[in-house]
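Residue numbers (the working numbering), protein chains in the order written: chain A, 9 to 169; chain B, 414 to 951.
Note that beta-carbon positions come from the ideal geometry of N, C-alpha and C, so glycine has one too.
Computed from a predicted model, the values in this text were never measured in an experiment.
Input: a single structure, listed below in structure tokens.
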Amino acid sequence: MSSKPTNVVIAGLGGQGVLKASDILADVAFSAGLDVKKSELHGMSQRGGSVSSDVRFGERVFSPMVPEGEANFLLVLAPDQVAVNAAALAAGGILIDPSRIDELSLPNKKSINVALLGALSRHLQFSVEAWTAALRRNLPEKLLEANLLSFSIGQAVEPEK
Amino acid sequence: MDSLLQEHALSLLSGDEAVAMAACDAEVKLGTGYPGTPSTEILETFATLGGKAQWSPNEKVALEVAIGIAFAGARALVTMKHVGLNVAADALFTAAYTRLDGALVVVSADDPGMASSQNEQDNRRYAQAAGVPMLEPSDSQEAYEFTLRAIEISERWHVPVLLRMTTRVCHSKTVVRRGTITIPKPRPAHFAHDFSSRVMIPAYARPAHLRLRKTLAEIAAWNDETGPNELIAGSSSLGIVTSGVAFQYVREVAPEASVLKLGMTYPLPVERMRAFAESVDLCVVIEEGDPYLVEGARTAGIAVEGKPEMYRFGELNSSRVRRILNDDTSPEPKPVPGKPPALCPGCPHRSVYTALKNLDCIVAGDIGCYSLGVLPPFEAMDTLVCMGAAIGVGLGLRHSLPPEEAKRVVSVIGDSTFVHSGITGLVEMVYNPPAGGHVLLILDNGTTAMTGMQEHPGTGRTLAHVKTGRVVFEDLARSLGVRNVHTIDPSQDPLKFQALIQECLDTPELSVVIARRDCLLAARSIREYERCNEQQTD
């Protein structure tokens, strides 16, 4: 039997960069040679409403959506979306939300998505080089530097037990 | 995305992107369609990859163009969301009778759960009703492979093929290995007269129908023998028949079960299903939406268990499949409601709905971002049925309501939706005008905003944003005989806009008001496209 995949749910509001964050995470896992699936909904959800995206990676992944209550990590970009998505989290799963990061320390508020990925990276096996390469592939050149900085600020946050 | 066409064998793609990649590999001559979630990205990606793709005014026209391509011996891909196939159905049913020389693949992107749609119809019914072979991919790899197979099947049997996808297949990204299937190169386009195969007058259509049923019987036999169906051997106590993304949930929650995964679900591989059902103690069908496979199996006398009716509604997922297998019909936990979508701050539709609410209008609405006018704080849209219905429904209300109420009725439709299927409504308005007149309000924000800023004939730019012929709504309305045609920016002076609507409501004549202001999200890109196009003309 293959081992269970790692399940990450990223949530927030339309326009916050939820899908961008899940693209970057899926890219890192894909580049590491893992089986990856990523799921999200487009369309109506883009108009400022709740948005969430699921990323699963491991030896073999079936469902593209994280089964309810099986998320190992829940990244929430908007504080008011924590309650909406709380049911996704597994017992013992880790919530990573903006309260963990001093927003004023970020080069800009919009890069909170990447800062939270930085915080997540402490819990995952991917190298800093792999993350940097994925950020490079998924962000326009002019935004790269600010996002690399945000990533490292997130990465410096001590993980909760 | 940029690296999609590089020589890397593996990429992480959405189902939509994978279909586009297959279309590229198969050298599809032209991709046509109308934007609709979750299908929109197929043609956009195809164009990005160097394919030729274009938006049509609606799905029926897109399919007709595609039929012409297949009559010419070339390969055509036509994409739409599930409800789009209703619009294209007239063409589909008779195209099935004709003999195609090239390939015709019709993508129907269904939306179980209605993430972004007005209904959750199950378009597998169309394959059966029209007599069109159907493939159902369960992930992006299969979206890639089944597109190629669909082309092969279409060319081998000279019939259109339905590639039926769903939201989770279209929009989920999964790993795709390119080049797993190779199909012959397309033949050069050519034309040879073949009246009895392509002119569906009754004398030719009668034998054509017989021919179609014979072809379907051949395809059914082929599907039984070597169709794209997969058997996963497991426990002999539980067997599961499944298709599409439901397969993934089945593998997630019942790894021990034997599984027959159907890739071609019309015509069904009935003998394969029978043998499978007989090989297990209990055979359960797990499918999203209608009991399509269940009915197909039972009609053939195969004993299967279906899902309880409550799971017909909405999408499936791992938890729901687990509940189905446990025969659990207890109430499902309600998800915590998220923040609903809303019109953007500063959106030009906002001033429109403020005015309509102030004037206490009865609003026959339509489909687009502006459908959000039904929600608070506006609550200023009274009906929404299908693309273009704003006009017909508004006219019906005008014809039947007492005069005092009738004079408050306004039809509200977006620019892209108007082109899609509002023009015939406008013709109806001119031809059968209500006694008290009518007001048609076209919300022209210069883009198909809802689906992600696609061009349409009213923008005068192609799918690739290059300048082309433009349909001018004012000219169109006047040429049809509407005398009161007004163009106004609804946000610039909201009170002036409201006064204009009041004035139109007060006259017993027909009025067309074009509320024109670019979508906030698209305005910058629109300016950029226009600048590029001007430079090219210089």
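In terms of beta-carbon proximity, Lys-473(B) stays away from the interface with chain A, with every pair separated by 8 Å or more. For Glu-457(B) and Gln-541(B), the gap between their C-alpha atoms comes out near 29 Å.
Ranked by Cα distance from Phe-506(B), the first of Met-842(B), Leu-651(B), Cys-799(B) and Val-572(B) is Val-572(B).
If you ignore the 5 residues before and after Asp-35(A), its C-beta comes within less than 8 Å of the C-beta of Ala-142, Arg-145 and Asn-146, all in its own chain and listed in chain order. Here the C-alpha atom of Asn-93(A) lies approximately 29 Å from the C-alpha atom of His-495(B). For Val-432(B), the uninterrupted alpha helix (DSSP H) run begins and ends at 428-438, by DSSP. Taking Asn-771(B) as the centre and dropping the five residues before and after it, the same chain places the C-beta of Gln-911 closer than 7 Å to its C-beta, in chain order. In the three-state DSSP reduction, Gly-865(B) falls in the coil class, being neither helix nor strand. Taking 8 Å as the cut-off, the beta carbon of Glu-916(B) is found no closer than this to the beta carbon of Arg-896(B). Going by DSSP, Arg-685(B) is part of the alpha helix (DSSP H) stretching over 683-691. Within its own chain, the residues whose Cβ lies closer than 6 Å to the Cβ of Glu-718(B), once the five positions on either side in sequence are excluded, are Val-697, listed in chain order. Excluding its 5 nearest sequence neighbours in each direction, Phe-65(A) has C-beta neighbours in its own chain below 7 Å: Pro-13, Thr-14, Ala-37, Leu-42, Asp-43 and Val-44, listed in chain order. Along the length of the segment 578-613 of chain B, whole beta strand (DSSP E) runs at least 3 residues long occupy 586-590, reported in chain order. If you check each beta-carbon in the segment 574-592 of chain B against every beta-carbon of chain A, the ones closer than 9 Å belong to Thr-580, Arg-581, Val-582, Cys-583, His-584, Ser-585, Lys-586, Thr-587 and Val-588. With respect to the 8 Å criterion, Ser-692(B) and Lys-674(B) are not classified as neighbours on the basis of their beta carbons.
Restricting attention to alpha helix (DSSP H) runs no shorter than 4 residues, the segment 436-474 of chain B encloses them at 454-461, ordered along the chain.
Two segments are said to touch when three or more pairs of C-beta atoms, one from each, lie closer than 8 Å; by this definition the segment 710-726 of chain B touches the segment 680-690 of chain B.
Distance from the Cα of Leu-889(B) is smallest, within the candidate group Asp-795(B), Asp-828(B) and Asn-532(B), for Asp-828(B). DSSP places Thr-767(B) inside the alpha helix (DSSP H), whose first and last residues are 761-771. Neighbourhood of Glu-48(A) in chain B, by CB distance below 7 Å: His-584, in chain order. The closest CA to that of Gly-428(B), considering only Lys-586(B), Ala-528(B), Ile-737(B) and Cys-945(B), is found on Lys-586(B). Residue nearest to Leu-933(B) within the set Met-863(B), Pro-721(B) and His-812(B) is Met-863(B) (criterion: CA-CA distance). Pairwise C-beta distances place the segment 835-851 of chain B in contact with the segment 798-814 of chain B, as three or more of them are shorter than 8 Å. Proximity of Gly-727(B) to chain A, defined by a Cβ-Cβ separation below 8 Å, is not satisfied. Bridge pairing for Val-898(B): Val-925(B) [DSSP].
Counting the other Cβ atoms within 10 Å of the Cβ of Asn-532(B) gives fewer than 16, which makes it exposed. Against Val-519(B), chain A offers no close residue; the least beta-carbon distance is about 21 Å (beta-carbon pairs closer than 7 Å).
For Phe-81(A), there is no enclosing alpha helix (DSSP H); the residue is part of the beta strand (DSSP E) that begins and ends at 79-84. Within the segment 635-689 of chain B, the complete beta strand (DSSP E) segments at least 3 residues long are 643-645, 648-656, 670-675 and 677-679, listed from N- to C-terminus.
Separation of the CB atoms of Glu-701(B) and Leu-729(B) is rounded to 5 Å, and the pair is thereby assigned contact status at 8 Å.
Closest in alpha carbon position to Asp-779(B), among Val-832(B), Val-749(B), Ser-731(B) and Ile-737(B), is Val-832(B).
Every unbroken stretch of the alpha helix (DSSP H) spanning 4 or more residues and falling wholly within the segment 781-842 of chain B is given here in chain order: 802-813, 816-819 and 828-834. Between Glu-549(B) and Thr-712(B), the C-beta gap is not smaller than 8 Å, which leaves the two residues out of contact.
Spanning the alpha carbons of Leu-644(B) and Val-672(B) requires a straight line of approximately 6 Å. Rounded to whole angstroms, the gap between the alpha carbons of Ser-834(B) and Gly-497(B) is 11 Å. Between the beta-carbon of Leu-853(B) and that of Ala-928(B) there is about 11 Å, and that puts the pair past the 8 Å contact cut.
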